[in-house]
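Just add 3 to wherever you are in the sequence shown, counting from 1, and you've got the working numbering.
Taking it in order: structure first as structure tokens, then the write-up.
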Amino acid sequence: MGILDRLRNVFGRGRTVPAARAEEPVAASAAEPTIPAPAAEPAPAASAPAVSVPAPAEEPSPSTVDELVSAAFDNPTLGSASVPAPATSAETAPAADPEPAAEVEDDSNRFAPDSEDIAGEAQGDEPAVAPAETPAAAETEPLLVTDTQPAREEQPEPAEAAEPAATATAATAATTATTAEEEPPTPAGKPAFTPARLKAKAPTLAAAYKAAGAALKKHELTGVRADVYLVLDRSGSMRPYFKDGSAQNLAEQVLALSAHTDETATVDVVFFSTELDGTGTITLDEYESRIDELHAGLGRMGRTNYDRAIAEIVALHEKADDPDRPALVIFQTDGAPESKTAATDALKAAAEHKIFWQFVAFGDTDSKAFDYLRKLDLPNTGFFHAGPVPNELTDTELYKGLLADWRP
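Here it is as structure tokens:
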């Protein structure tokens, strides 16, 4: 007889289940309410395939089926649609009596598919298969962890990029400090020596210093930096100019000018005649009567060879701290060079340096001896005639002539 026929018999006639057999599933059922079944935890995977398992090939004995059917309809707990309950009770059953719990679990598992099939046939609905969705949810969870992991591994990259930035910042600070140390002691646009400092070291040069500053300003050369050199002619015709102090006076005026353009205010002096007679220096600490002393120790005066002095100035400038720095040479003479060709060639060779040659003539204004200098047309030369009595020139007049053509 099939299960449906037996169910119809059950509903059609009232049958009394033996007390001993009825109490067995009830006892198991009574123990179930005391077991907390987690709502979020899905049923074991073993219950899911039970829905699709067909009925056993061997039909159970009538007595066993009747007992199970009766228990299902007499006990609301066993007849509920919650299939996972038997599995939960099986977990706690060993604490009370392992052997009966195993028998109840087996009976429940056999019955669970039949009872759900019955409910499905009665209501016309498909059996619920909700527990089957749990594995899918479990499979997607690890994917979220995997997606976020690379982001954590990329975190150190900004820190690595910051190191070169920190290194570039330290290198920039070091370069700035080095540049600051190399800057001149006075700001741009200001004289190398302030008026107060000049007066403290060389008070007798204060008037010449002031006139030199005015001339530099007029020619927009205030604050310019350059080395200053002085060349003095020691040919025989220059004796009167050494005796009347014209050579010494010119040297002091050149020194006052260098206090504006040179941080050391040091002027190298070259004496020439037939050959290079000698060299020396004048400074703010040692300038009074300095030219007369140097001249006196150089011996016999000779002829006029410009090229010897030009070559010596170039050699001195090449040995300077900064050979690329502009230089102004005040080249004093009282006559034409012995060899014009040699003088011109020497000036052209010196053009590779930033040296400007400002010639200053001592002597008669219309003397033919200065025709060479008047006609000298080189971009690195200039000419100024100081007249037969150079000491009669004011500081302003002298500086006007010295700076007329100089553009460092």
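Heads up, the beta-carbon is just placed ideally off N, CA and C, and yes, glycines get one too.
Buried or exposed by the 16-neighbour rule on C-beta atoms within 10 Å, applied to residue i
i	result
residue 283	buried
residue 233	buried
residue 292	exposed
residue 239	exposed
residue 340	buried
residue 153	Confidence at residue 153 is low in this model, with a pLDDT of 43, below 50, so the placement of that residue should be treated as unreliable; the coordinate-derived value is given next. Counting Cβ neighbours within 10 Å, residue 153 comes out exposed, since fewer than 16 surround it.
residue 381	exposed
residue 203	exposed
residue 307	buried
residue 205	buried
Inter-residue spacing [alpha-carbon to alpha-carbon] between residue i and residue j
i	j	result
residue 170	residue 263	For residue 170, the pLDDT reaches just 48, beneath the cut-off of 50, and the residue's location in the model is therefore unreliable, although a value from the coordinates is still provided. Rounded to the nearest angstrom, the two C-alpha atoms are 40 Å apart.
residue 313	residue 208	28 Å
residue 335	residue 365	7 Å
residue 210	residue 394	15 Å
residue 222	residue 407	8 Å
residue 212	residue 327	26 Å
residue 286	residue 268	6 Å
residue 193	residue 215	13 Å
residue 288	residue 197	16 Å
residue 405	residue 398	10 Å
residue 245	residue 278	19 Å
residue 242	residue 387	21 Å
residue 296	residue 249	14 Å
residue 411	residue 237	28 Å
residue 315	residue 276	13 Å
residue 199	residue 299	33 Å
residue 378	residue 347	11 Å
residue 396	residue 389	7 Å
residue 304	residue 251	17 Å
residue 345	residue 272	21 Å
Continuous beta strand (DSSP E) stretch holding residue i: start and end
i	result
residue 283	279–286
residue 3	Residue 3 lies beyond the range of the chain shown here (4 to 411); nothing can be said about it.
residue 363	358–365
residue 317	Not the beta strand (DSSP E): residue 317 falls in the alpha helix (DSSP H), residues 309–321.
residue 275	269–275
Enclosing alpha helix (DSSP H) for residue i [first to last residue]
i	result
residue 257	249–264
residue 339	From DSSP, residue 339 is part of no alpha helix (DSSP H); its letter is neither H nor E.
residue 201	198–204
residue 232	That residue, residue 232, is in no alpha helix (DSSP H); its beta strand (DSSP E) goes 230–236.
residue 243	242–246
residue 224	Here residue 224 belongs to no alpha helix (DSSP H), and DSSP marks it neither H nor E.
residue 399	398–405
residue 376	374–378
residue 297	293–299
Cβ neighbours of residue i in the same chain (closer than 8 Å, five flanking residues each side left out)
i	result
residue 383	350, 353, 354, 358, 359, 360
residue 265	195, 228, 229, 230, 231
residue 356	317, 320, 321, 326, 330
residue 412	With the chain covering only 4 through 411, there is no way to say anything about residue 412.
residue 409	222, 224, 331, 359, 361, 385
Pick from the options that is closest to residue i, judged by C-alpha positions
i	options	result
residue 220	260, 287, 371	260
residue 363	242, 400, 356, 343	400
residue 370	391, 379, 381, 385	391
residue 343	323, 310, 315	310
residue 270	323, 368, 203	323
residue 376	338, 345, 367	338
residue 247	367, 368, 294	294
Close Cβ partners of residue i (< 6 Å) along its chain, the five nearest in sequence each way excluded
i	result
residue 281	274, 301
residue 373	364
residue 402	214, 215, 218
residue 201	212, 262
Chain-order list of residues whose beta-carbon lies under 7 Å from that of residue i (same chain, five-residue window excluded)
i	result
residue 255	208, 211, 290
residue 367	391
Check: residue i C-beta below 7 Å from any heavy atom of the ligand FMN
i	result
residue 252	No copy of the ligand FMN appears in this structure; indeed no ligand is present at all.
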